[in-house]
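Beneath this line is the structure, given in structure tokens, with notes to follow.
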Amino acid sequence: MEGFLSDIFIAPFVSMWEYPVFLVEVLVGGLLVGVMYSLVALGFVLIFKASGVFNFAQGAMVLFAALFFAGFLEAGMPVWLALGASAVVMVALAIVTERVVLRPLVNQPPIVLFMATIGLTFFLDGFGQMIWGSDIKVIDIGIPKEPLEIHGVLINSFDIVAGVTAGLLVAGLALFFHYTKIGRALRAVADDHQAALSVGIPLQSIWVIVWSVAGLVALVAGIMWGSSLGVQFSLALVALKALPVLILGGFTSIPGAIVGGLIIGASEKIGEVYWGPALGGAIEDWHAYMIAMVFLLFRPQGLFGEKIIERV
Amino acid sequence: MRVCGRVLTLATVAAACLLAEPAPSLAVDSQFVGLMPYRTGPYAPNGIPFADGVADYLQLINVRDGGINGVPISTEECDTSYNTDRGVECYERLKNKGATGSAAFIPLSTGITYALIERAAVDKVPLLTTGYGRTAGGDGRVFPYVFTLPDSYWSGADVAITYVAQQMGGFDKLKGKKIAFVYHDSPYGKEPIPVFEALAAKYGFQLSNFPVAHPGLEQKAVWLRIGRQLRPDWTIMWGWGVMNSTAIKEAAAVGYNMEHFLGVWWSGAEPDVIPAGDAAKGYKALAFHAPGADFKVIQDVEKFLYAAGKGTGDKNNVGTVLYNRGIFNSVVLVEAIRNAMNKFGNKPMTGEQIQWGFENLDMTSEKLASLGLAGFMQPFKITCADHEASVPVRVQQWDGKQWTFVSDWIQPDRSLIRPMIEAAAEQYAKEKNITPRDCK
Amino acid sequence: MFYREAGQFKVSYAADQAIFPIRQDQIGMAMILAVAYVVMPVAGSEYWLETIMIPFLVFSLAAIGLNILTGYAGQLSLGTGAFMACGAFAAYKLTTAFPDLNIIVALLLSGVAAAAVGIVFGLPSLRIKGFYLAVATLAAQFFLIWLFAKVPWFTNYSASGVISAPPRAVVGELYVTGVHATPQARYLFCLTLVAVLALLAKNMVRSSIGRQWMAIRDMDIAAEIIGIRPLRTKLSAFAISSFYCGVAGALWAFFYTGTVEPGAFDINRSFQILYMIIIGGLGSILGAFLGAGFIVLLPIVLSRLPLMLGLPISTATISHIEVMVFGTLIVFFLIVEPHGLARLWRIFKEKLRLWPFPY
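Protein chains in written order, with our numbering: chain A, 732 to 1043; chain B, 5 to 444; chain C, 1051 to 1409.
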């Protein structure tokens, strides 16, 4: 028992103090993984913000986009063309989803819409794999993968590329939301559907735009995750890694998704490396949710979520 | 009413589907083999080539030889998606089909195998679990219907350590060395731990365990600990599916030396290394059979099936590691059925008769050669008590394009493993109130 | 025409408050029970009993459990699988540690164990709401599954971490678990247990505690103001829901697959049960059964359909189409009736009342 307590409360800190370089490596690795989680969480946030739908299909959309991109590449298309073609597919998907799934379910309780996106998940999983097969596909668009050593700290160059991509994406989305007309309309819809409608913002085309943007985010996430893991069914499961990021950051905040990703990524890796051995390992899965839950106990709306005001 | 009508129609169609037995397309005098592959789900990239191999060889027997001893084989596939409850459903669906019920089952999933062991014993259907499943199943006295041939995880674990010792220059060199064990955190990955622990105690090396949660998408923390903190002399892996390629990639990302990274036979196929690209060069894995298409039986498959457009899957998979393992499974199954027919007559065999066929299986080098498998693997023999046989295992290495053997055949240490298997089987028998068969 | 309550007079409060106040419903229920108790065991094949009826009953029980929590008390939970796992592992520990313990007692006690765990993980619900709570229950889901996989005590130190049901009898030599149990015995045991627990649940949601749950669901601040204690109400919902899920988990392990690894109760199981209550109808005991039937039967039907029609489709394509159609049907049913099959059934009954007249 004493040994166990020391493994929990003393040994990890001693080890951190003694090998600071390793601590930095774990921290940097964790932060960069967190950015990859944010990429997926971002898609959830966009849709929840604009339509109040908890889009469970985001993970499936990542897989779907990656399957099409990899399939187009295999068919011999150059990278830019494959990118464009998959973007068209994702926009088409957004239009069809709005028509077939969302429009008939307008004004239904959130849980019904949530369930509908689960239905969509199944459909996308089956459809994507039926077209492109379940064999593993490789995406290689020339992202470097060699480990780099900077002042004795080992960093994977692929992770840096992923981090930069995510950063650019978030900056782009922030600019889009703040400085374009459509962005302003999106924010208005997010604030209040009815008020937005009454000043003449077309709700349905806004939804198509939001789902398209989420589809494009899924495409970027799919390419990043796909070139790191290979494109196959398991890619859809990254959604589960994005969920704690989402609650931690708040369902409605784009910066929240990024900050949440960084916190979850770093604490997950530090937890696994320093406390994992004492607890028997593989603690990453629940560890992230526990952290998110502890945060929620203090801020029930997530770090950056809008304050929940309840009235009778 | 319209909606209600539609719903009612759907319900009627559904009920009709469930109640009606499928059209009896199976010839009455054919040997039925129920297959339960997984061509979908998280492990599909590994499940597909295996399933193709199994199906292709059975098809080849029909096309080339006109069946086993003249009795044609009929098959039906039921996709499990690597889901245990779906596997049970498939088993129940297929077990009584055909003239005599399914000949045997090949679940290719440790979870499904565990769920079927008791059922198979009651229904008297052999379970063929080649190199996976319940290790204790090698004791035929307690598990008459389970066949873990040609090797169990425990044999694999022993061979892995033997190979590491060979590379270091002897078992005495293992003392004080560090070996990391990375495993899929499921019954599959946990099975070999007792043997590794026993060997660690015997040779004095330091064993560190690194579980990876299903499905294994995220291994950065594990590999930072292995590659940057522990820095082991060797790393051994028990992985499956996406976990394998991710592990190889993360290992390369922390600069781990691939030459000292050894996977079990389920971590050494093409889908495991190709996604990792150049990073996988030098990665090693155990194998109890050879990869490649340089065998007469594979060439027959290409000639009789794929050239005639009758192949099951993608031609590119033919000759890959898991495809060949599928072929091996079917070969063993067909020979067991043939054995049974030679004793009981040339008609569809029951599971009980095929169990006899399995227990009297003697795959000599001549027999392997006559089946078109010369040099494919080492000969083995199954008996009433020994359902495992522990054939010698080799180490293969990925050179960026293909797998090549880099070691000799290594014989698992039966004097160490067999008593452990018997002890585990005995414990099982005690829990379940089973009286072991007498095998004399 | 077929379904008219004209002439049926209620002469006592008890008659008016009955679960099935209309005679046609009583007859219908009696017929369903007769089919379930007599026709099924006699006429049903082993395949039917083992792979359709038993999982259907187990899922129904779990769906009732989740429906109490989500449908009646309004607390969205994605931790159902974990609570089922609690029940399964508790039942295993109880039956192996006390071999003389009757299986019924063991099952109920394992439900109690799951309820205790449910209360602990229900505590955050006092502060966290809606989808945020759902993700917080995921913490329970992942943590508990990890715990059962990691602590060897739960599996009696088996190397692989798999538990399997020891043979147990209800009375004398009447085995209901293990290899000697006939499918009929297993099925009838599950059926009886599920029927009794379902009746209990039906009465619970009609009583004061059920009304408290619904008040909390509809608006918890308002409920608090009229004197309903949120702490006690929410935690009782978590406890009772987990009790049902726990018993369902134990039944799953002991009566259906016979062997389980913690992975059998992973996140997908939780989602599956959530689909059942949404498709079946939130806040309805009947809905739990309808939803369970739908989700259990649909994939089996879909996977057999092409074979039945003799279509030459490869196994992989069948599986993909099956998944696609499954997803499409979920969306279809939600659009047709967002309140689930139970509501559809109610509308259908209303139509039957008027038939053949249009009004």
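The beta-carbon is built from N, C-alpha and C at its ideal position, and this holds for glycine as well. The structure displayed is predicted, hence computed values, not measured ones.
For residue i, which option in the options has the closest C-alpha, if you only look at C-alpha atoms?
i	options	result
B:Pro111	B:Arg418, B:Met40, B:Arg422	B:Met40
B:Leu375	B:Val336, B:Ala217, B:Pro236, B:Cys388	B:Val336
B:Thr133	B:Tyr149, B:Asp127, B:Met353, B:Ser419	B:Tyr149
B:Gly281	A:Tyr910, A:Lys876, A:Ile1039	A:Lys876
C:Leu1243	C:Ile1290, C:Leu1361, C:Leu1157	C:Leu1157
C:Gly1308	B:Lys385, B:Ala119, B:Gly193	B:Ala119
B:Gly317	B:Val58, B:Gly38, B:Gly45	B:Val58
B:Ala225	A:His1018, A:Phe858, A:Phe800, A:Ser965	A:His1018
B:Arg418	B:Gly74, B:Asp69, B:Thr166	B:Thr166
B:Gln303	B:Lys444, B:Ala378, B:Asn343, B:Thr354	B:Ala378
B:Arg229	A:Glu1003, A:Phe845, A:Trp863, A:Val976	A:Glu1003
A:Ser817	A:Gln925, A:Ala997, A:Ser943	A:Ser943
C:Arg1261	C:Ile1276, C:Ala1248, C:Leu1247	C:Ile1276
What do you reckon, are the CB atoms on residue i and residue j nearer than 7 Å?
i	j	result
B:Pro76	A:Ile867	no
C:Phe1139	C:Gly1296	no
A:Val771	B:Pro279	no
B:Phe214	B:Val186	yes
B:Phe54	B:Arg398	no
B:Trp227	B:Ala255	yes
C:Leu1301	C:Val1108	yes
A:Val962	A:Leu798	yes
B:Ser271	B:Gly243	yes
A:Ala781	A:Val939	no
B:Gly267	B:Tyr47	no
C:Ala1123	C:Ala1287	yes
B:Thr44	B:Asp89	no
B:Pro352	B:Ala124	no
Using a C-beta cutoff of 7 Å, does residue i count as contacting chain C?
i	result
A:Glu1016	Sequence check: residue 1016 of chain A is Asp here, not Glu. At least one chain C Cβ lies under 7 Å of A:Asp1016.
A:Val784	no
A:Ile978	yes
B:Tyr61	no
B:Thr439	no
B:Lys444	no
B:Leu30	Any reading at B:Leu30 needs caution, since the residue's pLDDT is 49, under 50, leaving its predicted position unreliable; the model's value is listed next. Not an interface residue.
B:Arg235	no
Since residue i and residue j are thought to touch, with beta carbons under 8 Å apart, how far apart are those beta carbons, to the nearest angstrom?
i	j	result
A:Leu960	B:Leu221	6 Å
B:Ile456	B:Val277	Lying outside 5 to 444, the shown extent of chain B, residue 456 of chain B is not represented and no answer is given.
C:Lys1200	A:Gly1011	4 Å
A:Ala973	A:Ala791	Actually they do not touch by this definition, with Cβ atoms about 12 Å apart.
A:Phe779	A:Phe982	5 Å
B:Lys56	B:Leu309	Checking the sequence shown, residue 56 of chain B turns out to be Asp, not Lys. About 10 Å; that fails the 8 Å criterion.
A:Ala1009	A:Phe735	6 Å
C:Trp1018	C:Leu1361	This structure does not reach residue 1018 of chain C, given that chain C is present from 1051 up to 1409, and the question cannot be answered.
When the cut-off is 7 Å and only beta carbons count, does residue i lie next to chain B?
i	result
C:Glu1100	yes
A:Gln963	yes
A:Phe753	yes
Against chain A, with Cβ distances strictly below 7 Å, would residue i count as a contact?
i	result
C:Gln1058	no
B:Ser232	Ser is not the amino acid found at residue 232 of chain B; the sequence shown has Arg there. Chain A contact via Cβ: present.
B:Arg329	no
C:Phe1192	yes
B:Pro26	Residue confidence is low: B:Pro26 scores 49 on pLDDT, short of 50, so the model does not pin down where it sits. No coordinate-derived value is stated.
C:Pro1388	yes
Is residue i near the ligand MN, judged by its Cβ being under 6 Å from some heavy atom?
i	result
C:Phe1171	In the structure shown, the ligand MN is absent, as is every other ligand, since no ligand is present at all.
Nearest chain F C-beta to residue i closer than 7 Å, yes or no?
i	result
B:Thr88	In the structure shown, chain F does not exist; the protein chains are A, B and C.
Flag this pair as touching only if the region 1192–1210 of chain C and the region 1061–1080 of chain C have three or more C-beta atom pairs under 8 Å; answer yes or no.
Fewer than three Cβ pairs drawn from the region 1192–1210 of chain C and the region 1061–1080 of chain C lie within less than 8 Å of each other, which leaves the two stretches out of contact.
Using 8 Å as the threshold, is the region 1082–1093 of chain C in touch with the region 1320–1329 of chain C, meaning 3 or more CB pairs across them?
Touching, no.
Are three or more beta carbon pairs between the region 1139–1150 of chain C and the region 1271–1283 of chain C nearer than 8 Å?
Touching, no, given that fewer than three Cβ pairs across the two stretches are closer than 8 Å.
Assess, as a yes-or-no matter, whether the region 258–268 of chain B is touched by the region 202–213 of chain B under the definition of 3 or more beta carbon pairs within less than 8 Å.
A contact is defined here as three or more CB-CB pairs under 8 Å, and the region 202–213 of chain B fails this definition with respect to the region 258–268 of chain B.
At least 3 beta-carbon pairs within less than 8 Å: the region 384–396 of chain B vs the region 359–374 of chain B:
Judged by pairs of C-beta atoms under 8 Å, the region 384–396 of chain B touches the region 359–374 of chain B, as three or more such pairs exist.
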